[in-house]
Amino acid sequence: MEAFSHLLGGLAVALTPQNLLYCFIGCFWGSIVGVLPGLGPLAGMTLLLPLTFKLDPAGAIIMLSGIFYGAMYGGSTTSILMRIPGEAASVITCIDGYEMARKGRAGAALTIAAVGSFVGGVISVIGLMLVAPRLAQAMLAIGPAAEFVMLTSALLVAGIASSSALSKTLVMIVLGLLLAMIGNDPLTAAPRFTLGFLQLADGLNFAALAIGLFGISEILLSLKLKQDERPRAPSLRELLPTREEVKQASMPTLRGSFIGFIFGVVPGVGHIVSTYASYALEKALSKRPEEFGKGAVAGVAGPETANNATTGSAMIPLLVLGIPAIPVTAVLLSALTVHGVQPGPLLVSEHPQIFWGLIASMLIGNVILVILNLPLVSLFVSILRTPVGYLAPLVLIICIVGVYSVKGSAFDLGVMALAGAGGYFLRLYGYDMSPLLLAFVLGDRIEVSFRRALMISEGDPVIFLQGPAAQTFLFLLVAALAIIAGGAFWRSRKKSAG
Amino acid sequence: MISKHFARALFCALAAAPIPALAQTWPARPVTLIVPAPPGGGTDVFARQLAEMVEPVIRQKIVVENKAGAGGTLGTTQLVAAKPDGYTLGFIWNSPLTSSPHTLKVSYTPDSYRALMSIGYSSYVLCASPEFPASNAAEFIAQLKANSGKFTYGNDGVGGTMQLGAERVFRKLGTRVRAIPFGGAGETAKNFLGGHVNFYGGSLPPIIPHVKAGKAKCLLLTSAGDNEALPAAKGLDAIGLGAEETVLWWGLFAPAGLPEDLAATIEKTFSEAAATPKFRDAMEKLGGVQRVYDAKKTGELVRSELAALGEVAEAIGLKKN
């Protein structure tokens, strides 16, 4: 119960009026940047970073991390209502969240996402409190070789779980990996497929690609398919989830919490991979996998919980090792170092008020967020009452503003337009966009970890089978494939028997 | 027709009229400070803190614009293309100026920009695990020489200042240590602590907490002098290679063609702010050492470092892409 007494000390820090205010500002601002497509937690935090130079270190990190986990709440809103991913970790929610909205269950989807985010966020903070040092050691064991095995396995498993035919999924994965190649070679900086554009030196902009593939292609498709397929605004009575929906959401929410917490330590892409992993797991465990892609409650509850559950564990590398594993925690690191606090193995003992104050504030912040977000559900849903003649241009404007706001680059708008046109044709022929985006996100790291591992081993591929981390991931891959194959086999037998 | 000609003539006359001494009116409007790095990193933080200290002196706003990408060359390219009127300045670390030109096609040379001043530096350091059989710089070098090509060290990226600086030393020692490029010092630290590479190579702040916790011992700095924060590590002076110093440093630059008197005003304003004890504290918190150089010295440093790193890049077979 030592952790408990520390937590009380942390509450004393987090509950001072000014820190409570910073926490609220962070959560509020985070919700806003999360809802706006394109703007993600990173942009939201860097905008407020200079402001924190004047605060004390505890206040600074409380406010900035509020933006981080706050953005994970808002991210699902546009995914569900308009099929525009609010940020990368909400791509998968576009699938079943939007289908739920089409059935008039937008309110239920948003509520389930908000409650799932809360559960995931809280479980993740508790995990951070209890097992941080051990998880940090596990993280260190993941070298380049193990990272390659892990990411490739994730891509394979998530790909197989996609709703489209396996051949089509593989096409999209390869396409995503190819698109990830665009830009300067991450190791030698040699330009690849940049066609001489300096704007492509750092690769395609993820927001432009994702919003084009999902948002723009949806507008084009809705024009072709006419208006009867668009989301229906529910009446006030239909806003809350039904008893059946709550039942369907409860287990995925719990499982999503654990998946998210574990994946939070994956460097760089944990929050995104966790949503795909949760979706794949829920589909494999579901008694009615055919519902996935057509508005399955579990397909919203699991991933939306998982992406929030990564927020606690993503802090672990930073707080225990002083190493930011994702860009967001890199901003937190600089907010601390500006004040002369260098996180590392000694942070907990040297600056307990920062460590435990942060943990306490994350618990409080999650409560603030769920109170903040639930009443907004009815407000957001009312957007769907807009006549389609106004809604389509509105969605288009949101897409354009969202993409432009990321870097202020008109070039990215061109990328978005092209991605929209490409996405339209691909979706017309039944290709699923989500494996492409996952492959695009992972492509860079898969390539770099592969090359690094071989540089370390001087070209010997056996390195991918060595070490406890790589072997664990290989075992998990086999287990995941067995669950998926077993589930399919069991269902087909049941079908033929029934 | 006449009136049109007259208007044109008048316009030309006005445009050609001698501009009143710029330095006396500068700055009449906010100054843009291009930082070719993302927000939150050391370069960005120093730029913002320096700007904050200069603002009350010049009584104008300094707008920090982060133009990150392509190893800092994107923002630097933008700076040299700006009008040399003192309203667009750049706060740049040395890599886009002295390292990147050897591996990337850049559109600028030292003639495209004008150095105004520099604020100081931060050394790179090589660290080994606590079990490594060397307890000082001399023993470390002996190990490197005896095991050429066997050890690996993590660095900040192919052709980056850290790698070129380290290779500069290895080359003088006549030994080879295999370079494994990572995305930054944090990632290098993680792979070093996990035992995936033999040595940590990178800036000081990420590794110092682990030295204190007994998880790493730092042995050799790439600066000429020693560093108080790491008493066990030696600078290059101690092994007779002081001339091979390569550090991370930061300076203020303007597009070439900035009028002489204006350049002098800006140099003086920023140098005074950078030399204050307050700024020294700010730098120390991020592992930096205050060392204010004037415009002339900064410009010479760029040229000599560019030449020295060019030799290293060629010797280790880095090609320009």
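So the sequences go chain by chain: A and B.
With positions in the first sequence counted from 1, the corresponding number in the numbering used here is that position plus 616.
With positions in the second sequence counted from 1, the corresponding number in the numbering used here is that position plus 1.
Virtual Cβ for every residue (Gly too), placed ideally from N, Cα, C.
Does DSSP put residue i in a helix, a strand or coil?
{"i": "residue 1097 of chain A", "result": "helix"}
{"i": "residue 33 of chain B", "result": "strand"}
{"i": "residue 113 of chain B", "result": "coil"}
{"i": "residue 188 of chain B", "result": "helix"}
{"i": "residue 57 of chain B", "result": "helix"}
{"i": "residue 952 of chain A", "result": "helix"}
{"i": "residue 254 of chain B", "result": "strand"}
{"i": "residue 148 of chain B", "result": "coil"}
{"i": "residue 15 of chain B", "result": "Any reading at residue 15 of chain B must be qualified, since the residue scores a pLDDT of 46, below 50, and its modelled position is unreliable; the value itself is stated next. Note: residue 15 of chain B maps to helix in three-state DSSP."}
{"i": "residue 234 of chain B", "result": "coil"}
{"i": "residue 218 of chain B", "result": "strand"}
{"i": "residue 153 of chain B", "result": "strand"}
{"i": "residue 126 of chain B", "result": "strand"}
{"i": "residue 1061 of chain A", "result": "helix"}
{"i": "residue 593 of chain A", "result": "Given a span of 617 to 1114 for chain A in the structure shown, any question on residue 593 of chain A remains unanswerable."}
{"i": "residue 696 of chain A", "result": "helix"}
{"i": "residue 814 of chain A", "result": "helix"}
{"i": "residue 10 of chain B", "result": "Low confidence applies to residue 10 of chain B: its pLDDT is 49, below 50, so where it sits in the model is not reliable, and the reading given next is rough at best. Residue state, collapsed to three classes: helix."}
{"i": "residue 989 of chain A", "result": "helix"}
{"i": "residue 799 of chain A", "result": "strand"}
{"i": "residue 1105 of chain A", "result": "helix"}
{"i": "residue 807 of chain A", "result": "strand"}
{"i": "residue 756 of chain A", "result": "helix"}
Please list the terminal residues of the continuous beta strand (DSSP E) segment that includes residue i.
{"i": "residue 1073 of chain A", "result": "First-last for residue 1073 of chain A: undefined, no H or E at that position."}
{"i": "residue 89 of chain B", "result": "89-94"}
{"i": "residue 291 of chain B", "result": "290-294"}
{"i": "residue 881 of chain A", "result": "Note, residue 881 of chain A: premise wrong, no beta strand (DSSP E); not H, not E."}
{"i": "residue 63 of chain B", "result": "63-67"}
{"i": "residue 182 of chain B", "result": "179-182"}
Can the beta-carbon of residue i be found less than 9 Å from the beta-carbon of residue j?
{"i": "residue 888 of chain A", "j": "residue 924 of chain A", "result": "no"}
{"i": "residue 942 of chain A", "j": "residue 653 of chain A", "result": "no"}
{"i": "residue 202 of chain B", "j": "residue 43 of chain B", "result": "no"}
{"i": "residue 839 of chain A", "j": "residue 1035 of chain A", "result": "no"}
{"i": "residue 869 of chain A", "j": "residue 915 of chain A", "result": "no"}
{"i": "residue 107 of chain B", "j": "residue 219 of chain B", "result": "no"}
{"i": "residue 856 of chain A", "j": "residue 727 of chain A", "result": "yes"}
{"i": "residue 1040 of chain A", "j": "residue 1028 of chain A", "result": "no"}
{"i": "residue 1097 of chain A", "j": "residue 878 of chain A", "result": "no"}
{"i": "residue 1100 of chain A", "j": "residue 896 of chain A", "result": "yes"}
{"i": "residue 947 of chain A", "j": "residue 712 of chain A", "result": "no"}
{"i": "residue 160 of chain B", "j": "residue 314 of chain B", "result": "yes"}
{"i": "residue 651 of chain A", "j": "residue 849 of chain A", "result": "no"}
{"i": "residue 158 of chain B", "j": "residue 756 of chain A", "result": "no"}
{"i": "residue 733 of chain A", "j": "residue 906 of chain A", "result": "no"}
{"i": "residue 679 of chain A", "j": "residue 642 of chain A", "result": "yes"}
{"i": "residue 1066 of chain A", "j": "residue 760 of chain A", "result": "yes"}
{"i": "residue 114 of chain B", "j": "residue 257 of chain B", "result": "yes"}
{"i": "residue 156 of chain B", "j": "residue 183 of chain B", "result": "yes"}
What is the residue span of the alpha helix (DSSP H) that residue i lies within?
{"i": "residue 204 of chain B", "result": "Residue 204 of chain B -> not in any alpha helix (DSSP H); beta strand (DSSP E) instead, spanning 200-204."}
{"i": "residue 74 of chain B", "result": "74-82"}
{"i": "residue 667 of chain A", "result": "657-668"}
{"i": "residue 638 of chain A", "result": "633-651"}
{"i": "residue 274 of chain B", "result": "261-275"}
{"i": "residue 630 of chain A", "result": "618-630"}
{"i": "residue 133 of chain B", "result": "Element bounds for residue 133 of chain B: n/a, residue is neither H nor E."}
{"i": "residue 173 of chain B", "result": "162-174"}
{"i": "residue 1044 of chain A", "result": "1026-1044"}
{"i": "residue 103 of chain B", "result": "101-104"}
Report back the beta-carbon spacing between residue i and residue j to the nearest angstrom; my notes put them in contact at under 8 Å.
{"i": "residue 64 of chain B", "j": "residue 33 of chain B", "result": "5 Å"}
{"i": "residue 210 of chain B", "j": "residue 961 of chain A", "result": "6 Å"}
{"i": "residue 884 of chain A", "j": "residue 685 of chain A", "result": "That pair is no contact at about 18 Å."}
{"i": "residue 286 of chain B", "j": "residue 954 of chain A", "result": "7 Å"}
{"i": "residue 959 of chain A", "j": "residue 974 of chain A", "result": "The Cβ separation is near 11 Å, so there is no contact."}
{"i": "residue 87 of chain B", "j": "residue 259 of chain B", "result": "6 Å"}
{"i": "residue 752 of chain A", "j": "residue 940 of chain A", "result": "The Cβ separation is near 13 Å, so there is no contact."}
{"i": "residue 28 of chain B", "j": "residue 61 of chain B", "result": "4 Å"}
Since residue i meets chain D, which of its residues come closer than 8 Å, beta carbon to beta carbon?
{"i": "residue 287 of chain B", "result": "No chain D appears in this structure, whose protein chains are A and B."}
Item to complete: For the stretch 890-969 of chain A, list the beta strand (DSSP E) runs that are entirely contained and at least 3 residues long, ordered along the chain.
Response: none
Discussion item. Suppose only complete runs of 4+ residues qualify. What are the alpha helix (DSSP H) ranges in the stretch 817-876 of chain A, listed by chain order?
Written reply: 822-827, 833-840
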